[in-house]
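Take a look at the structure set out below.
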Amino acid sequence: MALSQLHPLDINPQTGEPFLRLPSPNHNIILTPPRNGDEDAILPILNDARVYQWMGSIPTPYLPHHAQSWIATIKQKSDKILEELREEERINPGGPLKIVGDCPVRYLREVQSDGSDVFIGDICIVRSPLENVVDPEERAALVAENNAKPLGDPSICWSFGDYVAVSHHGRGIMSAAMDVVLNLWAIPRMGVRYMKGFAFDGNIPSARVFEKNGFIRRGMVDNGREVRGKPVVFIHLEWRHEEN
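In our numbering, the protein residues as written are 1 to 244.
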């Protein structure tokens with residue numbers, strides 16, 4: 001039996017929204033596309049120092065216009081992937097599953113007993129910033145080369161970015177989310193075969209999330225980066241897909 005181009009996404013029968021569900025004991029956590037209106041839920045999380053201290057790419061303080069711009073950008077990307085897959089289903093029903101360049105579900109939400117849900121975090125998969133390359137000119141050239149590779153090229157280097165609300169730390173949510181995104185979407189639907197992971201020195205929980213998902217620690221990297229005016233050193237990890 002042919003698979004839908006949205007495979008392995010489930011569809012919410014009430015809203016039509018696609019999602020992926022985390023396994024037990026976090027089965028009440030789902031991954032969905034970004035939604036208009038997520039801004040209000042994001043602001044308190046990304047203005048919590050216990051979260052943003054480990055993030056290098058967000059402005060501080062994180063203001064409403066930052067959230068609005070960000071949601072518009074990533075929602076457009078998610079919508080485009082879903083539209084691309086639905087169009088492939090229309091023109092080539094029963095055809096092979098299409099390789100795409102992103103995961104359309106990335107926002108972590110906790111489903112409540114009444115069926116509503118609460119935004120609690122984010123996990124994305126992107127072409128790697130290659131923070132392990134110390135020389136900035138060399139890094140820029142390698143990033144450009146990596147970004148230019150066509151979809152499905154097994155040599156593309158990818159990376160994860162993620163955060164979860166402090167209220168949900170220590171529950172294994174991000175480890176499970178990374179496992180779901182990697183194995184249910186990134187490998188079969190994006191052709192991901194090679195990844196690097198980066199965590200700020202001292203962010204041991206983040207490094208452990210990578211390690212639980214098969215990433216190998218490769219050492220520490222000081223590439224001269226500063227975040228909020230302070231130098232940062234990265235824990236560098238690496239993952240390669242093992243073909244069966």
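Ideal Cβ positions, reconstructed from N, Cα and C, are used throughout, including at glycine. Quick caveat, the model's predicted, so the values are computed rather than measured.
Judged by DSSP secondary structure, V221 falls within the beta strand (DSSP E) whose first and last residues are 216–221. In the DSSP assignment, L3 falls outside any beta strand (DSSP E), carrying neither H nor E. Taken atom to atom, the span from the alpha-carbon of A49 to that of M55 is near 10 Å. Taking C-beta atoms as the reference points, A176 and N28 fail to come closer than 7 Å.
For Y62, the secondary structure class from DSSP, reduced to helix, strand or coil, is coil. Looking from the CA of T15, the closest CA among Q5, P8, P33, P23 belongs to P33.
Per DSSP, reduced to three states, the secondary structure at V180 is helical.
Taking 3 residues as the minimum length, the beta strand (DSSP E) runs contained wholly in the region 109–147 are 117–127, in order along the chain. M195 carries a strand assignment under DSSP once its states are collapsed to helix, strand and coil.
Boundaries of the alpha helix (DSSP H) around D40: 39–46.
Within the same chain, I45, I120, G121 come within 7 Å of A165 by CB-CB distance, once the 5 residues on both sides are set aside. Boundaries of the alpha helix (DSSP H) around E211: 204–212.
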